[in-house]
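These notes concern the structure reproduced below.
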Amino acid sequence: MGNERTRILVVDDEEIVRESLGGWLEKDGFFVQSVPDGKSAVEALEKERWSILLTDLKMPGMDGLQVLEEAKKRQPDLVVVLMTAYATIDTAVSAMKLGAYDYLVKPFDPEELSLMMQKIVSQQTLVRENAVLRKALKREYGFHDVVSKSPAMQQVFELARVAARSNSTILVLGESGTGKEVMARAIHAESPRAQGPFVAISCAALTESLLESELFGHEKGSFTGASARKIGKFEAANGGTLFLDEIGDISPKLQLDLLRVLEDRRFHRVGGTDPISVDVRIVAATNRDLRKAVAEGKFREDLLYRLNVIVINLPPLRERKEDIPLLVEHFTEQLGVEMQRRIEGVSSDAMVALMSYDWPGNVRELRNVLERGAVVAQGRIIQALDLGLAPAAVPEGAAGVGAGAAAAGASDEVPATLEDVEKRHITQMLAHTGGNVSQAARLLGIDRVTLYNKIRKYQLRRGDDSGSQQRPG
Amino acid sequence: MLEHVRAHLTGAFRAEVALHHDPRRPADAWDARRRQHSSKKMLSFLLEQGPPPPARVLGITDQDLFIPILTFVFGEAQLGGRAAVVSTARLDDGVPVVSPRVLAERVAIECVHEVGHAYGLLHCASPRCAMGRSPSVRDVDAKKPQLCRDCLSRLAERNDRSGG
Chain B
6 MGNERTRILV VDDEEIVRES LGGWLEKDGF FVQSVPDGKS AVEALEKERW SILLTDLKMP
66 GMDGLQVLEE AKKRQPDLVV VLMTAYATID TAVSAMKLGA YDYLVKPFDP EELSLMMQKI
126 VSQQTLVREN AVLRKALKRE YGFHDVVSKS PAMQQVFELA RVAARSNSTI LVLGESGTGK
186 EVMARAIHAE SPRAQGPFVA ISCAALTESL LESELFGHEK GSFTGASARK IGKFEAANGG
246 TLFLDEIGDI SPKLQLDLLR VLEDRRFHRV GGTDPISVDV RIVAATNRDL RKAVAEGKFR
306 EDLLYRLNVI VINLPPLRER KEDIPLLVEH FTEQLGVEMQ RRIEGVSSDA MVALMSYDWP
366 GNVRELRNVL ERGAVVAQGR IIQALDLGLA PAAVPEGAAG VGAGAAAAGA SDEVPATLED
426 VEKRHITQML AHTGGNVSQA ARLLGIDRVT LYNKIRKYQL RRGDDSGSQQ RPG
Chain P
73 MLEHVRAHLT GAFRAEVALH HDPRRPADAW DARRRQHSSK KMLSFLLEQG PPPPARVLGI
133 TDQDLFIPIL TFVFGEAQLG GRAAVVSTAR LDDGVPVVSP RVLAERVAIE CVHEVGHAYG
193 LLHCASPRCA MGRSPSVRDV DAKKPQLCRD CLSRLAERND RSGG
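Right, dumping it as structure tokens:
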């Protein structure tokens with residue numbers, strides 16, 4: 006198996022164990038470093054990256070559990086294997102709940118050690134391959150942190166890329182939770198201002214006077230409580246991007262102030278007399294219909310024209326359900342990193358539920374539902390019940406599922422049986438993974454053999470059957 | 073059996089192989105608690121008793137061998153060193169009883185394997201190559217007492233570097 010890239014750190018207070026284990030593993034082609042105690046292990050973990058940590062459980066000073074804890078703090082994805090005597094198996098088992106991969110009872114059988122190392126190496130290879138695939142997927146379907154394969158969003162990405170290069174004001178429109186701020190951040194990251202600050206403010210959350218002070222800053226003594234000079238968001242964003250969220254909610258006075266800044270690129274701090282010039286690119290966003298607001302006299306027409314030089318419309322999630330598997334993969338990966346645990350995806354039942362739901366809260370709601378699922382899930386796969394979607398949202402019959410699948414772009418026809426739903430869902434997954442059975446099996450929450458059997462049963466092609474989705478590069 | 077081993081060692085390593093029968097065993101290699109012999113102590117004994125450097129020495133014993141962290145080993149060698157040892161103890165415990173021919177083949181395979189380590193070779197990914205790792209008798213039986221093409225070229229490379 007000799008994988009020269011696999012680096013193993015061995016921690017054991019007995020020199021003879023370190024020496025014999027190190028010698029044995031080196032013959033397998035591993036790079037091995039052995040240290041006699043937990044303190045040296047932590048030092049080694051701080052200096053370099055390791056793939057596997059093999060640590061004795063019972064050691065003077067820092068024991069194996071403490072080494073495990075410190076190691077996971079420094080490198081959450083590190084595979085930690087505990088070496089233990091028969092007497093301490095219980096502790097080793099509880100250590101697995103703390104994130105240990107497995108344990109070996111000393112002395113171990115050569116076959117047991119060999120199988121465990123082979124398993125770890127092949128899992129790490131798989132993780133590396135998945136990371137490469139994900140990167141390729143993001144290159145093809147992503148615009149910074151926004152991922153989508155829907156044609157509508159691909160057009161949005163194209164417009165956003167062009168807009169990012171200009172200095173024009175951008176208005177991002179979309180329902181609540183469609184990712185307006187994420188899009189604004191992506192535009193900033195893509196722009197020549199990427200090295201400058203990105204400052205965001207929600208205009209709906211503050212009263213008129215507070216928002217004015219937040220945006221433009223104030224001078225000391227300009228109002229009761231202004232005990233010191235305060236720099237506003239415009240100044241803080243100098244050289245970068247200012248994101249004004251919920252712009253449709255600002256008062257008429259602030260609409261006028263903002264119009265002036267957009268025209269002159271100059272403003273005064275509250276209570277100040279000297280004009281301040283800033284170089285700021287404005288990205289504004291709202292979920293309101295600004296034209297209607299103009300017609301109703303609630304929003305200044307001249308400000309709207311200043312803001313909507315470039316308009317980016319983000320479609321609601323229910324109109325791009327083909328993105329759900331991609332977003333699920335994106336968010337489960339993010340959540341795994343945040344929660345410092347491995348989350349491999351969602352089960353096929355969970356995916357059916359996610360695809361069938363209407364997502365009034367859009368992408369934000371999807372992320373929240375997945376976060377809940379990740380917290381509640383017992384294993385590495387999030388099950389349908391873990392998602393906590395309202396029962397009404399999770400269809401119980403095939404017709405309901407079919408409605409969701411149809412909305413996902415699979416077909417307009419309502420499937421008659423559960424088998425139809427399963428067949429359709431597998432087809433979608435295979436198309437999504439570009440025919441990669443292992444990846445599709447993982448997303449579906451079943452093993453490869455089961456998936457192969459189902460492919461045979463439904464006489465599916467492993468490639469893109471829908472003809473509407475691309476294979477990731 | 074020894075002739076069979078010698079033939080394969082000569083073939084694999086293109087080296088002169090001398091046979092020597094020595095009934096002595098290192099007294100300090102026996103571990104009464106484990107009821108096994110320490111392979112490390114066996115290697116030290118071979119280095120002390122064997123031919124002078126730069127010759128390499130291989131011991132074949134019927135005693136069960138261990139290294140401290142493993143329940144047993146079929147053999148042990150100094151990686152890139154001079155000494156290697158192979159035990160027949162666990163190579164003939166097959167059911168049904170192993171024939172002398174099968175045992176001789178297994179011993180030859182493991183001798184080529186351990187001497188390969190002494191020549192600096194690591195485990196090979198090929199399950200047929202003598203350098204393939206063999207944690208069980210099943211794995212030994214899957215191997216041949218020869219080095220694969222890749223291991224032969226690695227060996228030639230090492231020999232070139234070390235000047236033979």
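Top line first, the protein sequences correspond to chains B and P.
Following my numbering, the numbering of the first sequence begins with 6 at its first residue and continues without gaps.
Following my numbering, the numbering of the second sequence begins with 73 at its first residue and continues without gaps.
Positions of the beta carbon are idealized from the N, C-alpha and C atoms, including for glycine.
On a predicted model such as this, the values are computed, not experimentally measured, just so you know.
Between V132 of chain B and Y106 of chain B, the C-beta gap is not smaller than 8 Å, which leaves the two residues out of contact. Of the other Cβ atoms in all chains shown, fewer than 16 fall within 10 Å of the Cβ of L261 of chain B; this residue is therefore exposed.
DSSP places G69 of chain B inside the alpha helix (DSSP H), whose first and last residues are 69-79. Between V22 of chain B and chain P, the shortest Cβ-Cβ separation is below 8 Å. Considered as a whole, the stretch 306-355 of chain B harbours 315-319 as its complete beta strand (DSSP E) runs of no fewer than 3 residues, in chain order.
For Q159 of chain B, the enclosing alpha helix (DSSP H) starts and ends at 156-170. Distance from the CA atom of G28 of chain B to the CA atom of Q38 of chain B, rounded to whole angstroms, is 10 Å. Annotation for M88 of chain B: the continuous beta strand (DSSP E) segment containing it runs 84-89. Secondary structure of S208 of chain P (DSSP, three-state): coil. For L26 of chain B, the nearest beta carbon of chain P is closer than 8 Å to its own beta carbon. From the beta-carbon of G34 of chain B, the residues of chain P found nearer than 8 Å are L194, H195.
By the Cβ neighbour-count rule, R296 of chain B is exposed, with fewer than 16 other Cβ atoms within 10 Å of its own.
As for any beta strand (DSSP E) of minimum length 3 sitting wholly inside the stretch 351-385 of chain B, there is none. With respect to F221 of chain B, G253 of chain B sits apart: the two C-beta atoms are not nearer than 8 Å.
Straight across, the Cα-Cα distance linking G384 of chain B with Y362 of chain B is about 23 Å. Chain order gives the chain B residues near S208 of chain P as E116, where near means a beta carbon separation below 7 Å. The bridge partners DSSP lists for E148 of chain P are P:V157. Here the C-alpha atom of I206 of chain B lies approximately 49 Å from the C-alpha atom of K124 of chain B.
Proximity to A168 of chain B across B:T183, B:A76, B:I192, B:S155 peaks at B:I192, based on C-alpha coordinates. Under a criterion of Cβ atoms nearer than 7 Å, the residues of chain P adjacent to E31 of chain B are, in order, L151.
For A165 of chain B, the closest alpha carbon among the candidates B:L448, B:S196, B:V98, B:A141 is that of B:S196. By the Cβ neighbour-count rule, V40 of chain B is buried, with 16 or more other Cβ atoms within 10 Å of its own. Residues of the stretch 205-219 of chain B with a C-beta atom less than 9 Å from some C-beta of chain P do not occur. Looking at the backbone, the Cα of H76 of chain P and that of L175 of chain P are separated by about 11 Å. In the DSSP assignment, S39 of chain B falls within the unbroken beta strand (DSSP E) covering 36-40.
Residue contact with chain P for K111 of chain B: present (Cβ-Cβ distance below 8 Å to some residue of chain P). Under the 10 Å beta carbon count, R453 of chain B is surrounded by fewer than 16 other beta carbons and is classified as exposed.
Residue pairing of S207 of chain B in beta bridges, as defined by DSSP: B:D250. Bounds of any alpha helix (DSSP H) do not take in T11 of chain B, whose DSSP letter is neither H nor E. Under the 10 Å beta carbon count, H185 of chain P is surrounded by 16 or more other beta carbons and is classified as buried. The stretch 341-360 of chain B makes no contact with the stretch 314-324 of chain B, as fewer than three CB pairs between them are under 8 Å. Bridge partners of Q108 of chain P according to DSSP: P:D103.
Using a Cβ-Cβ cut-off of 8 Å, L142 of chain P is close to S25, W29, P112, F113, D114, P115, L118 of chain B, given in chain order. Taking C-alpha positions only, L211 of chain B is separated from A290 of chain B by approximately 16 Å. When DSSP states are grouped into helix, strand and coil, L219 of chain P belongs to the coil group.
I94 of chain B: member of the alpha helix (DSSP H) spanning 94-102, first to last residue.
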